[in-house]
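**Q** So for the sequence shown, the working numbering puts the first residue at 3; every next one is plus one. Just so it is clear, CB atoms sit at the ideal spot from N, CA and C, and this is done for glycine as well. Have a look at this one before I ask anything.
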Amino acid sequence: MSNLSKKIELYLGRKPDFTSEVILVDELGNGTVTIKSWNAEDKVEPTISQLNALNTQANTKINDEKILSLRKNAYGNIESQLDLLYHDMVAGKLDTTGEWAKKIKAVKDANPKE
3 MSNLSKKIEL YLGRKPDFTS EVILVDELGN GTVTIKSWNA EDKVEPTISQ LNALNTQANT
63 KINDEKILSL RKNAYGNIES QLDLLYHDMV AGKLDTTGEW AKKIKAVKDA NPKE
């Protein structure tokens, strides 16, 4: 997802349909994405300065989403997590000493949010 699309999401306060409401295009083919057409009815098309004001928030959101994706892959499937929790429950370790808690902490430590 481009920085522009994330800024548009922040501006609208929701994710628009990028196939009909807000059409983005890279006309030069160099990675510079611009708004081709604006059909969102809940807000007028933002100015460049309005979008630029959202740059820091957009970059933070993009980075957070990357971290969450890395974490999701590292956590493993829900079945494995439930199995770890079950074994911790049987062992009386439903606290930070349990294997599930240690695994989750290791994943979060390896993939911290900035």
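Output the boundary residues of the alpha helix (DSSP H) element that contains Val92.
**A** In the DSSP assignment, Val92 falls within the alpha helix (DSSP H) that extends over Ile80 to Val92.
**Q** Ordered along the chain, which non-local residues of its own chain (more than five positions away) have a Cβ less than 7 Å from that of Asp2?
**A** Residue coverage of the chain in this structure runs from 3 to 116, which leaves residue 2 outside it and unanswerable.
**Q** Suppose contacts are defined by Cβ-Cβ distances below 8 Å. Is Ile69 in contact with Lys9 by that definition?
**A** Contact: no.
**Q** Short of 8 Å in beta carbon distance, which residues of its chain neighbour Arg73, apart from the five on each side in sequence? Order them along the chain.
**A** Val109, Lys110 and Asn113
**Q** So Val24 packs on Asn41, CB below 8 Å; how close in whole Å?
**A** 7 Å
**Q** On the DSSP bridge list, what partners appear for Trp40?
**A** In the DSSP output, where bridge partners are listed per residue, Trp40 has Val24.
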